[in-house]
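Student: This note's numbering puts the first residue of the sequence shown at 13, with every later residue one more than the last.
To start, I am sharing the structure in question, which I have written as structure tokens.
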Amino acid sequence: MIDEQANVNTATAAGLHIVAKPAGPSCNLECDYCFYLEKQSLYDPGKNFRMPDVVLAAFIRSYIEAQPTPVVEFVWQGGEPTLLGIDFFERVIELQRPFTRIKTITNSLQTNGTLLTDAWGRFLKQHNFMVGISLDGPREVHDRYRRNRHGGGSFDAVMRGLKLLQKHAVEYNVMASVAREAAKQPLEVYRFFKQEGVEFIQFVPIIERLPATAEQQSGLKLAGPSALDRHELNTEVTPWTVIPEEYGDFLIAIYEEWVRNDVGKTFVMNFEWALNAWIGNPSPVCIHAKQCGRSMVIEHNGDLFACDHYVYPQYRLGNILGDDLPAMAARSLQTGFGTNKESALPGWCRECEVLVACQGGCPKHRFAQSHYGESGLHYLCPGYNKFFRHIRKYLHAMATLLGHGMPVTEVMKAIDGPLLVRLGPEATNEKNGRTAID
Ligand code: SF4
Ligand code: SF4
């Protein structure tokens, strides 16, 4: 199972975005920190889930027909979607094929990588799948939480999967979960990825609350969004949850190494998003977007939910077999969920100097209190704040470079000197043709 993936809207930014879970929460691993395994309790615990053909066909048709954009992006996630075998995805391609005359269709697959084979490699390459592979870092970091059902580590199997992707030249990125211990080893994690030839990395902080008494009684091991806490808000987090300041330090340590050596070579999506926000573009990732609601989830049986973090009965929008997709997306439950992210921002965030990059983070994890005593502050606020404030000078320099039509890689030349960015001769309004980073 992938841990958690920030929902990234790219090609379908103007349309609907749905993450499909064709194997539901079924997974061949049992990662300790996984928040999705316990979704089995919503369906038939212990069962291996598989999206029936009738649901798959209805989803593919309605999803494509609902898009106003020329590009339709399918994202296959889990649980572990490769459990379904290549034949399931061959059927996906077959069902999509009639629509390729009118739309450009892309597919992404998020996998733990352990079941990949040469046959998978050939298939994924042939059909241009973009693969996200979950790998947390070197063996001791990865195996701490990413374990199989017998408690053994999955590192060797994932590395085999990574090598297969590289061998078959499949486009891929690494999704690295940052649990409490991993946050203490930023450079070991980052250098490991570089050494393994990884060019695209996304860091995902692990945050889970322990459930309040009422939720415990219903058998849940993890708390849901605070909005669903009926009686009490338990703010105690799991032992693997990252410590906020340490998450900020983790990103800062990697950023400092990256901005000196790797700009334009290694793409850390968290850094790309920050620059993107700084130059005034809408965030491509929901956690740092102003509003939620643009990325829903379809479960194996066709149930549609508000988002990957809100797969709870209270946020079920309908079912693809009986309900119209655009109508489900337009339900007030969904639109209210979307706008609430912005409208519920605490005053502390509204006054924050780095709001443009942060936007208050994911509502599921807004269970801290602000310095004004308001509830609804993001748990990671001290870490987000530290990180975004730290990199502001670099973001400013890169934005200046871009504004002068220069590549952001120039920022690396400036850092080992007097923290100056040399501008081109046309930049006559800058002092000495230079602009300071600090
Ligand atoms: S850094 Fe903290 S205060 Fe600022 S926007 Fe993010 S969560 Fe809110
Ligand atoms: S609740 Fe909002 S920010 Fe959080 S994962 Fe869902 S869409 Fe993204």
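Glycine included, each C-beta is placed from N, C-alpha and C at the ideal position.
A quick note: this is a predicted structure, and the numbers were derived from the prediction, not measured.
Using a threshold of 6 Å, is the CB atom of CYS370 nearer than that to any non-hydrogen atom of ligand 1?
Tutor: Stepping through the sequence shown from its first residue, residue 370 is reached at position 358. Answer for CYS370: yes, Cβ within range of ligand 1.
Student: Alpha carbons only, please: which of TYR157, VAL153 and LEU147 is nearest the one belonging to VAL210?
Tutor: In the sequence shown, the residue the question calls residue 210 occupies position 198. It is LEU147.
Student: Classify PHE379 as helix, strand or coil using the three-state DSSP reduction.
Tutor: Residue mapping note: residue 379 aligns to position 367 of the sequence shown, counting from 1. Residue state for PHE379 is assigned as coil, using DSSP reduced to three classes.
Student: Can LEU367 be considered in contact with ligand 1, in the sense that its beta carbon sits closer than 6 Å to one or more heavy atoms?
Tutor: Here residue 367 is taken as the residue at index 355 of the sequence shown, counted from 1. Yes - ligand 1 has a heavy atom lying nearer than 6 Å to the Cβ of LEU367.
Student: Tell me where the beta strand (DSSP E) around GLU183 begins and ends.
Tutor: Here residue 183 refers to the residue found at position 171 when the sequence shown is read from its first residue. Segment 183-190, the beta strand (DSSP E) holding GLU183.
Student: Can you name, in chain order, every residue of its own chain whose Cβ lies under 8 Å from the Cβ of LEU95, other than the five neighbours on each side?
Tutor: Walking along the sequence shown from the start, residue 95 turns up at place 83. Excluding residues within five positions, the ones whose Cβ falls inside 8 Å are ALA35, SER38, CYS39, ASN40, ASN60 and LEU127.
Student: When DSSP labels each residue in this structure, what does HIS29 get in the three-state scheme?
Tutor: As a working mapping, residue 29 is identified with position 17 in the sequence shown. Three-state DSSP puts HIS29 in a strand.
Student: Given LYS137, which residues of its chain have a CB within under 8 Å of its CB, disregarding the five upstream and five downstream residues?
Tutor: Locating residue 137 in the sequence shown gives position 125, counting from the first residue. Closer than 8 Å at the Cβ level, and outside the excluded window around LYS137, lie HIS180, ALA181 and VAL182.
Student: Verify whether the separation of the beta carbon atoms of LYS33 and GLY125 is less than 7 Å.
Tutor: Here the question's residue 33 lines up with position 21 in the sequence shown. Here the question's residue 125 lines up with position 113 in the sequence shown. Their beta carbons are not under 7 Å apart, which means LYS33 does not touch GLY125 by this criterion.
Student: Would you mind giving the Cβ-Cβ distance between ILE218 and PHE205, rounded to the nearest angstrom? I have them listed as a contact below 8 Å.
Tutor: Position 206 of the sequence shown holds residue 218. Position 193 of the sequence shown holds residue 205. So it is not a contact: roughly 18 Å between Cβ atoms.
Student: Classify LEU49 as helix, strand or coil using the three-state DSSP reduction.
Tutor: For the purposes of this step, residue 49 is taken as the residue at position 37 of the sequence shown. Note: LEU49 maps to helix in three-state DSSP.
Student: My parser needs the beta strand (DSSP E) runs of 3 or more residues fully inside the segment 208-285; what are they?
Tutor: 212-217
Student: Figure out for me which residue from HIS416, MET410 and GLY417 has the closest Cα to the Cα of LYS455.
Tutor: Here the chain has residues from 13 to 450 only, and residue 455 is not among them.
Student: Taking SER53 as the reference, which of ARG401, VAL275, TYR324 and TYR384 has the closest Cα?
Tutor: Your numbering for residue 53 matches position 41 in the sequence shown. Among ARG401, VAL275, TYR324 and TYR384, the Cα nearest to that of SER53 is on TYR324.
Student: How many angstroms separate the CA atom of ARG158 from the CA atom of SER355?
Tutor: The residue given as residue 158 occupies position 146 in the sequence shown. The residue given as residue 355 occupies position 343 in the sequence shown. Their Cα atoms are separated by approximately 36 Å.
Student: Decide if ALA235 is buried, meaning its Cβ has at least 16 other Cβ atoms within 10 Å, or exposed.
Tutor: By one-based count along the sequence shown, residue 235 stands at place 223. Under this definition ALA235 is a buried residue.
Student: Answer yes or no: the CB of TRP252 versus the heavy atoms of ligand 1, is any distance below 6 Å?
Tutor: Residue mapping note: residue 252 aligns to position 240 of the sequence shown, counting from 1. No; taking the cut-off as 6 Å, the Cβ of TRP252 has no heavy atom of ligand 1 nearer than that.
Student: On the three-state DSSP scale, how would you describe VAL297?
Tutor: The residue labelled residue 297 in the question sits at position 285 within the sequence shown. Three-state DSSP puts VAL297 in a strand.
Student: Does the Cβ of VAL31 have 16 or more other Cβ atoms within 10 Å, making it buried, or fewer, making it exposed?
Tutor: Reading the sequence shown from its first residue, position 19 is the one you call residue 31. Looking at its Cβ environment, which holds 16 or more other Cβ atoms inside 10 Å, VAL31 is buried.
Student: So, is ASN397 buried or exposed, given that buried needs 16 or more other C-beta atoms within 10 angstroms?
Tutor: Along the sequence shown, read from residue 1 onward, the residue named residue 397 stands at position 385. Buried is the call here.
Student: Is DSSP giving SER307 helix, strand or coil here?
Tutor: Counting from one through the sequence shown, the residue named residue 307 turns up at place 295. DSSP places SER307 in strand when its eight states are reduced to three.
Student: Quick test of the definition: if touching needs 3 or more C-beta pairs under 8 Å, does the segment 273-284 touch the segment 413-421?
Tutor: yes
Student: For PHE283, which residues of its own chain have a beta-carbon under 7 Å away from its beta-carbon, when the five flanking residues on both sides are left out?
Tutor: As a working note, residue 283 is residue 271 in the sequence shown. Answer for PHE283: TYR267 and TRP270, listed in chain order.
Student: What does GLN122 pair with, by DSSP beta-bridge criteria?
Tutor: Along the sequence shown, one-based indexing puts residue 122 at 110. Answer is GLY144, bridged to GLN122.
Student: Return yes when the C-beta of HIS321 is under 6 Å from any heavy atom of ligand 2, and no when it is not.
Tutor: Numbered from 1 along the sequence shown, position 309 holds the residue referred to as residue 321. Yes, Cβ of HIS321 sits closer than 6 Å to a heavy atom of ligand 2.
Student: Under 6 Å: does the beta carbon of TYR157 sit that close to some heavy atom of ligand 1?
Tutor: Residue mapping note: residue 157 aligns to position 145 of the sequence shown, counting from 1. No; taking the cut-off as 6 Å, the Cβ of TYR157 has no heavy atom of ligand 1 nearer than that.
Student: Does the distance between the C-beta of HIS402 and the nearest non-hydrogen atom of ligand 1 fall short of 6 Å?
Tutor: Here the question's residue 402 lines up with position 390 in the sequence shown. Flag unset: Cβ of HIS402 not near ligand 1.
Student: Count the other CB atoms within 10 Å of the CB of HIS162; is the residue buried (16 or more) or exposed (fewer)?
Tutor: Walking along the sequence shown from the start, residue 162 turns up at place 150. So HIS162 counts as exposed.
Student: Please confirm whether TRP360 and LEU389 have their CB atoms less than 7 Å apart.
Tutor: Your numbering for residue 360 matches position 348 in the sequence shown. Your numbering for residue 389 matches position 377 in the sequence shown. Cβ distance < 7 Å, so TRP360 and LEU389 count as in contact.
Student: Find out if the Cβ-Cβ distance for the pair LEU333, ARG343 is shorter than 7 Å.
Tutor: Mapped onto the sequence shown, residue 333 falls at position 321. Mapped onto the sequence shown, residue 343 falls at position 331. It is not a contact, given that the beta carbons lie outside the stated cut-off.
Student: Could you check if GLY314 is buried or exposed, using at least 16 other CB atoms within 10 Å of its CB as the buried criterion?
Tutor: Taking the sequence shown and counting its residues from 1, the one referred to as residue 314 is at position 302. Buried, by the Cβ-count rule.
Student: Terminal residues of the continuous alpha helix (DSSP H) containing SER387?
Tutor: Taking the first residue of the sequence shown as 1, we reach residue 387 at position 375. Counting along the chain, no alpha helix (DSSP H) covers SER387; the unbroken beta strand (DSSP E) around it starts and ends at 387-389.
Student: If you draw a straight line from the C-alpha of TRP1 to the C-alpha of LYS353, how long is it?
Tutor: Residue 1 is absent from the structure shown; the chain starts at 13 and stops at 450.
Student: With DSSP collapsed to three states, give me the class of THR351.
Tutor: Locating residue 351 in the sequence shown gives position 339, counting from the first residue. DSSP places THR351 in helix when its eight states are reduced to three.
Student: Any heavy atom of ligand 2 within a distance shorter than 6 Å of the CB on CYS361?
Tutor: On the sequence shown, position 349 is the one that residue 361 refers to. Because no heavy atom of ligand 2 lies under 6 Å away, the Cβ of CYS361 does not count as near it: no.
Student: Verify whether the separation of the beta carbon atoms of ILE145 and THR123 is less than 7 Å.
Tutor: Your numbering for residue 145 matches position 133 in the sequence shown. Your numbering for residue 123 matches position 111 in the sequence shown. Taking 7 Å as the Cβ cut-off, ILE145 and THR123 qualify as a contacting pair.
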